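Residue numbering for the sequence shown is 3 to 256, as defined by my numbering. All remarks here apply to the structure that follows.
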Amino acid sequence: MFTEREVWGNIPLLHIYTEDMNEETPVVIFLHGFMSAKEHNLHYAYQLVHKGVRVLLPDAKLHGDRSEGLTEMQMNSRFWDIVLNSIHEVEQLYNELKNKQLLVNDKIGVAGTSMGGIVTSGCLKFYDWIQTAAVCMGAPSFIELGAYQLQQFAESGLNWPMSEEEIRKTNELLAKYDISLTPEKFAQRPIFFWHGKKDKTVPFKDTYTFYLKLRAYYETNPEDLNFFVDNQAGHAVTREGMLAATGWLAQHLA
């Protein structure tokens with residue numbers, strides 16, 4: 003198994019594959035969480051590569067090799083900017099895969115944890131070339147999550163570094179990327195959700211409520227929509243969840 007540090011365009015990433023892989027090999031772009039970095043998801047890549055899937059682990063803007071040493075508060079104020087930037091960079095990586103002739107078919111999935119799961123949800127709204135996805139601790143509803151984040155800041159006594167006008171403009175922008183407003187964009191593709199019931203960072207309830215609504219769009223293929231509930235987990239994917247997510251991706255890209 004090879005783990006190569008590469009830069010595609012302006013995106014530093016880890017490219018993980020085996021020597022017997024070729025342009026027919028399925029690919030997963032796996033996205034890390036907020037204040038994390040590409041190396042922190044190598045265990046997902048390990049599982050996927052051993053199941054015959056090529057993996058790209060990119061660093062998000064201001065993370066990992068792209069860090070600019072910002073404080074957590076400064077990073078928090080850039081959260082949605084980072085998310086939306088990552089959505090566009092996923093398309094950039096897809097185009098690079100095609101240019102490098104590493105993807106002659108469209109056997110490609112997108113997945114991620116926390117912020118990476120949020121980005122994955124946004125990608126599903128825009129990119130019909132995504133064959134399957136795994137959203138771990140993610141939130142399909144960007145506007146709901148943004149409101150929850152503001153509430154959490156208010157309750158913690160911290161001053162949110164954005165004005166009311168900036169928040170309004172952000173919500174207008176987020177509506178364009180919020181797939182919960184257009185659930186038909188899932189287009190009955192195989193989707194896996196994992197979420198811990200005790201998650202205080204990305205609320206379980208909002209994601210699960212949306213999933214229940216989404217089931218109406220999968221009436222002809224209910225087996226392609228799976229929500230793995232962990233009753234004890236907080237904001238951290240368990241080993242069982244990680245194995246289930248990687249197993250789902252590999253199965254639906256085979």
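Where a beta carbon is used, it is the ideal one built from N, C-alpha and C, also for glycine. Note that this is a predicted model, so its numbers are computed, not measured.
- [ ] Find out if the Cβ-Cβ distance for the pair Met-258, Thr-172 is shorter than 8 angstroms.
- [x] The shown model of the chain, from 3 to 256, leaves out residue 258, and the question about it has no answer.
Task: Selection from Lys-63, Asn-107, Leu-15 and Glu-174 that minimises the alpha carbon distance to Asn-24 - done: Asn-107
Open item on the list: Using the three-state DSSP reduction, which class does Tyr-129 fall into: helix, strand or coil?
Closed with: coil
Task: Runs of beta strand (DSSP E) wholly within the segment 192-245 (minimum 3 residues, chain order) - done: Correct list: 193-198 and 227-232.
- [ ] Output the distance between the C-alpha atoms of Glu-98 and Asn-228, rounded to the nearest integer angstrom.
- [x] 30 angstroms
- [ ] Could you give the DSSP three-state label for Thr-115: helix, strand or coil?
- [x] strand
Task: Coarse secondary structure for Thr-73, derived from DSSP in three states - done: Shown here, Thr-73 sits in coil according to DSSP, grouped into three states, outside any helix or strand.
TODO: Please check the pair Ala-135 and Val-112, which I expect to be a contact at CB under 8 angstroms, by giving their CB distance rounded to whole angstroms.
DONE: 5 angstroms
Open item on the list: Suppose you measure from the CA of Val-57 to the CA of Glu-26; what does that come to, to the nearest Å?
Closed with: One C-alpha to the other measures close to 13 angstroms.
Task: Own chain, CB closer than 6 angstroms to Thr-203, minus 5 neighbours either side, in chain order - done: His-237
Task: Per DSSP, the bridge partner or partners of Pro-60 - done: Leu-15
Open item on the list: Going by DSSP in three states, Ala-177 sits in which element: helix, strand or coil?
Closed with: In the three-state DSSP reduction, Ala-177 falls in the helix class (H, G or I).
TODO: Name the two residues that bound the continuous beta strand (DSSP E) containing Val-55.
DONE: It is not in any beta strand (DSSP E) - Val-55 carries neither H nor E in the DSSP assignment.
- [ ] Quick one: residues in its chain with C-beta nearer than 8 angstroms to the C-beta of Asp-232, no 5 flanking neighbours on either side, listed in chain order?
- [x] Trp-196, His-197, Gly-198, Lys-199, Thr-240, Glu-242 and Gly-243
Open item on the list: Among Pro-205, Thr-5, Leu-245 and Phe-155, whose alpha-carbon lies nearest the alpha-carbon of Glu-74?
Closed with: Phe-155
Task: CB contact flag (His-34, His-42, <8 angstroms) - done: yes
Task: From Ile-145, Leu-245, Leu-175 and Ala-235, residue whose alpha carbon lies closest to that of Phe-212 - done: Ile-145
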